[in-house]
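The structure under discussion appears below in the form of C-alpha cells.
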Amino acid sequence: MRTIVQTLPGKASTDKSETGRTFAGVGVSPGRIIGPILLMPQAVREPAMGERLAEGTSPEEASTALRAAAKAVQINLTTRSVGASGAGREVLEATALMANDPMLIKAAVKLITTGASAERAIWDAAASVAEMLHNLGGYMAERATDVLDVRGRIVAELRGVPAPGIPYSDTPFILVGEDLAPADTATLDPAKVLALVTSSGGPQSHTAIIARALGLPAVVAAVGVDSLTDGTVVFVDGAVGTVLVDPGADEVALAKAWETTTAALAVFDGTGRLKDGHLVPLLSNVGGTTDAVKAAAAGAQGVGLLRTEFCFLERDTEPTIAEQVEAYRGVFDAFPGKKVVVRTLDAGADKPLPFLTDASEPNPALGVRGYRTDLTSPGVLERQLAAIALAAEGTEAEVWVMAPMISTAEEAEHFAGLCQAAGLQTPGVMVEVPSAALTAASILGHVHFVSLGTNDLTQYAMAADRQLGPLAALNTPWQPAVLQLIRLTVAGSRDEGHDKPVGVCGEAAADPALAVVLVGLGVSTLSMTARALSPVAAVLASVTLAEAQQLAALALTAHSATDARRIVREKLPILSTLGL
Ligand code: PEP
Ligand code: MG
1 MRTIVQTLPG
11 KASTDKSETG
21 RTFAGVGVSP
31 GRIIGPILLM
41 PQAVREPAMG
51 ERLAEGTSPE
61 EASTALRAAA
71 KAVQINLTTR
81 SVGASGAGRE
91 VLEATALMAN
101 DPMLIKAAVK
111 LITTGASAER
121 AIWDAAASVA
131 EMLHNLGGYM
141 AERATDVLDV
151 RGRIVAELRG
161 VPAPGIPYSD
171 TPFILVGEDL
181 APADTATLDP
191 AKVLALVTSS
201 GGPQSHTAII
211 ARALGLPAVV
221 AAVGVDSLTD
231 GTVVFVDGAV
241 GTVLVDPGAD
251 EVALAKAWET
261 TTAALAVFDG
271 TGRLKDGHLV
281 PLLSNVGGTT
291 DAVKAAAAGA
301 QGVGLLRTEF
311 CFLERDTEPT
321 IAEQVEAYRG
331 VFDAFPGKKV
341 VVRTLDAGAD
351 KPLPFLTDAS
361 EPNPALGVRG
371 YRTDLTSPGV
381 LERQLAAIAL
391 AAEGTEAEVW
401 VMAPMISTAE
411 EAEHFAGLCQ
421 AAGLQTPGVM
431 VEVPSAALTA
441 ASILGHVHFV
451 SLGTNDLTQY
461 AMAADRQLGP
471 LAALNTPWQP
481 AVLQLIRLTV
491 AGSRDEGHDK
501 PVGVCGEAAA
511 DPALAVVLVG
521 LGVSTLSMTA
531 RALSPVAAVL
541 ASVTLAEAQQ
551 LAALALTAHS
561 ATDARRIVRE
571 KLPILSTLGL
C-alpha cells in the first residue's frame, strides 16, 4: 500500500479554507492513505431538443468543430488504452475506434447541414447508430453502448467540460464522486486510484463491493466531500470512515503504519479456523475467471458466490449457451476439487441486464429481479442451468447452484426442480429477503443449502435502499434486526430433522469483526472478496467458538448497530493491533 503525498500537476492545490476539515462517512474498506483527489465528472446533460446552430456559426464551422472534438476524444482514448490492460484496455480500444467512426460523423454532419447544433447533431446521430446496431443483435448490439459512451465524450469535448467516467491522470489519486456503477470498474485502474470516497452510497453499495475487491481504502456517504476541488490533499481512513483535508504529521504516521499492516496481512494459509481448531472454510466471491484465478492464488477454499450477471453486464442480448459455458468453465478450472457456488443471473435494481429487466419499473429493488425474472422471461434460467451443467462436465470443481431473491418455499421447490432437470445435484438458494429467513426450515426442505446475502437482507429488513448515502446508518448488517434474521435462518437449518449448511456471501463476511459474530451465530462458511481472506482469517484465529458465541449474543441484544459494532470491536483487541 502507498502513502502518497503530492498534488496533481496543473491542478489546484489544497483549498486553504477547507484545511483541517473532516468529512465523516461510513468506512467500508480498511486502509489509511494520503493523496490528492480527483472528482468524478457529472454525467453529460442532453443538449436541448431541437437545439440549433448558434447565431454566427456556419454549418461548416460546426462540422469542423465536431470533427476536431471526435478526433480529440479518439486520441485521448487511444493514449489511455496503451497504458491499460485486460478488459479495461479492450473497452478503451473499442470506444476509441467508435469515437471517429465515419458513419457516425457523417450522420452528424448531415444533421448540422440542416441547422442542428453540433452537440444535438452528434446526440441524435449516435442514437440512430446505436439503435441500428442494437437491431443487428449479437456482437454488433454490444457496440451500441460504445456509441452512447463516445457521444457523451464528444459533447463534453465540444462544451469544454471534463469527459464522463473515471477521470484520467498520469499520477495516483483518490477518486471522489457521488457513487460508482459496476460498469465504471472496467476503466478503474487500481495502480492509479489510491482510495474511493463517495458522498452517497451505502455500505452495501457497489462502490463498497468494488473497493473491497480491489483492496482500496474506501469511505461512503461522506456528505459534502464532492464540494472539494481537484488536487486537494486528503487523508482517508477506510476503517474509521473519515476524510481529513490537508493532513498533518499524525496522519502521515498512520498512513505509514498501515503499510506495515498490509505487508503483515498479505498471506492466508488456505485454512480458515478458530483458535480452538474449529474449521470455518473461507471462500471467495468472484465475478468471472480473472477474479477466480486471483482468489485461488490468495488461498480461497472455493467460491462461495459466482455473480454470473457480472460476466454479462455489458450485454443487451442473452448470452448463448456456448458463451456461458466458456465464462463458467474458467472459474471451475481455477478450483479443481473445491466447491464453486454458481448464482444464477441476479439481474435488476443496481445490476440491470437489458435482456431481462424492465428499466421503467417504479421500484426496481422490489420488482422483477433475480429469480423473479423467470416469470417474465421464461427459458433464460433453464438455458443458464443447462450451460452450468455443461460447463461442469469434465471439470473437477464441485459445482453447487443457487438462485437469488427467493421469497418462498414454493420458489425454492420450483428452482430445485429445474436444477434436477438440468442434472445439477446440489441446488440451494440465497436468503436475502426477510420472508426467506423466517421460513428457512421449509425452504431447506427443498434445497441442500442456503447462503445469506446480507447486502440485500439488510436493505429489505431495514426498508433502506442499499444505494442511498443518507440511509447508510440503517443499511448495515450490524443492525440487531439483521442479526436476528441470521440467527433465525441458522435455527431453521437445524429444524425439521435436518442439519444443512448456512453460508454468508454478503459483504458482512468481509468485515473481520462481524465474521466472528456470524460464526458465533452458527454460520458454517464465509465467502468474501479475495482481499479480505487474510484479515478475516487472522481475526477468526484469535477467538474460540465459545468466545465467538458470546460476542454474537452481545451483538444480538445490543440496542443499536453502532453499539453492536462497538461492543464487539472492543472485545477483539487484535483489530486495533492490525489497524482493521
Ligand atoms: C447480497 O445481497 O448480499 C449478495 C451477495 O448479492 P449482491 O450483492 O450481488 O446483490
Ligand atoms: Mg443480493
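Read in order, the letters of the sequence shown are residues 1 to 580 in UniProt numbering.
Glycine included, every Cβ here is placed at the ideal spot set by N, Cα and C.
Cross-strand partners of residue i (DSSP beta bridge)
{"i": "residue 257", "result": "Per DSSP, none; premise fails for residue 257."}
{"i": "residue 237", "result": "32, 242"}
{"i": "residue 26", "result": "220"}
{"i": "residue 583", "result": "With the chain running from 1 to 580 in the structure shown, residue 583 is simply not present."}
{"i": "residue 447", "result": "DSSP lists no partner for residue 447."}
{"i": "residue 197", "result": "176, 219"}
{"i": "residue 37", "result": "174"}
{"i": "residue 277", "result": "DSSP, once it has assigned bridges, lists no residue as partnering residue 277."}
{"i": "residue 588", "result": "Residue 588 lies beyond the range of the chain shown here (1 to 580); nothing can be said about it."}
{"i": "residue 116", "result": "52"}
{"i": "residue 452", "result": "431, 504"}
Inter-residue Cα distance where the pair is residue i and residue j
{"i": "residue 334", "j": "residue 340", "result": "10 Å"}
{"i": "residue 283", "j": "residue 302", "result": "5 Å"}
{"i": "residue 172", "j": "residue 35", "result": "8 Å"}
{"i": "residue 246", "j": "residue 214", "result": "25 Å"}
{"i": "residue 462", "j": "residue 233", "result": "36 Å"}
{"i": "residue 327", "j": "residue 342", "result": "11 Å"}
{"i": "residue 450", "j": "residue 500", "result": "8 Å"}
{"i": "residue 1", "j": "residue 252", "result": "Confidence at residue 1 is low in this model, with a pLDDT of 43, below 50, so its placement is unreliable and the value that follows should be read with caution. For residue 1 and residue 252, the distance between alpha carbons rounds to 13 Å."}
{"i": "residue 330", "j": "residue 22", "result": "45 Å"}
{"i": "residue 58", "j": "residue 151", "result": "22 Å"}
{"i": "residue 411", "j": "residue 403", "result": "9 Å"}
{"i": "residue 261", "j": "residue 384", "result": "42 Å"}
{"i": "residue 242", "j": "residue 124", "result": "43 Å"}
{"i": "residue 24", "j": "residue 80", "result": "34 Å"}
{"i": "residue 237", "j": "residue 180", "result": "19 Å"}
{"i": "residue 544", "j": "residue 431", "result": "27 Å"}
{"i": "residue 469", "j": "residue 26", "result": "9 Å"}
{"i": "residue 256", "j": "residue 566", "result": "25 Å"}
{"i": "residue 390", "j": "residue 325", "result": "7 Å"}
{"i": "residue 209", "j": "residue 554", "result": "27 Å"}
{"i": "residue 130", "j": "residue 70", "result": "17 Å"}
{"i": "residue 542", "j": "residue 274", "result": "7 Å"}
{"i": "residue 146", "j": "residue 358", "result": "21 Å"}
{"i": "residue 235", "j": "residue 435", "result": "42 Å"}
{"i": "residue 239", "j": "residue 576", "result": "10 Å"}
{"i": "residue 552", "j": "residue 521", "result": "6 Å"}
{"i": "residue 311", "j": "residue 380", "result": "15 Å"}
{"i": "residue 540", "j": "residue 416", "result": "33 Å"}
{"i": "residue 63", "j": "residue 100", "result": "13 Å"}
{"i": "residue 277", "j": "residue 45", "result": "58 Å"}
{"i": "residue 41", "j": "residue 51", "result": "23 Å"}
{"i": "residue 174", "j": "residue 194", "result": "5 Å"}
{"i": "residue 143", "j": "residue 61", "result": "29 Å"}
{"i": "residue 91", "j": "residue 268", "result": "33 Å"}
{"i": "residue 204", "j": "residue 222", "result": "15 Å"}
{"i": "residue 356", "j": "residue 149", "result": "22 Å"}
{"i": "residue 362", "j": "residue 574", "result": "46 Å"}
{"i": "residue 509", "j": "residue 119", "result": "47 Å"}
{"i": "residue 115", "j": "residue 66", "result": "14 Å"}
{"i": "residue 388", "j": "residue 479", "result": "36 Å"}
Distance cut-off 8 Å: residue i Cβ against heavy atoms of the ligand FMN
{"i": "residue 346", "result": "What this structure holds is the ligand PEP and the ligand MG, not the ligand FMN."}
When you get a sec, list the residues whose CB is within less than 5 Å of any heavy atom of the ligand MG, chain order please.
432, 453, 456
Whole beta strand (DSSP E) runs in the segment 361–444 with 3 or more residues, listed along the chain?
398–403, 427–431
With a threshold of 8 Å, are at least 3 pairs of Cβ atoms found where one atom belongs to the segment 548–562 and the other to the segment 476–486?
yes
Would you check if the segment 285–297 and the segment 316–324 touch, i.e. whether three or more CB-CB distances between them fall below 8 Å?
no
Does the structure place the segment 289–307 close enough to the segment 517–530 that three or more beta carbon pairs sit under 8 Å?
yes
Any 3 or more C-beta pairs closer than 8 Å across the segment 23–41 and the segment 89–109:
no
Does the pairing of the segment 388–405 with the segment 417–429 give three or more beta-carbon distances under 8 Å?
yes
Three or more C-beta pairs closer than 8 Å, one from the segment 345–353 and one from the segment 361–371: is that the case here?
yes
Return the chain-ordered ranges of every alpha helix (DSSP H) run that is complete within the segment 489–520 and spans a minimum of 4 residues.
512–520
Note down, one range per segment and in chain order, each beta strand (DSSP E) of at least 3 residues found wholly within the segment 298–363.
302–307, 339–343
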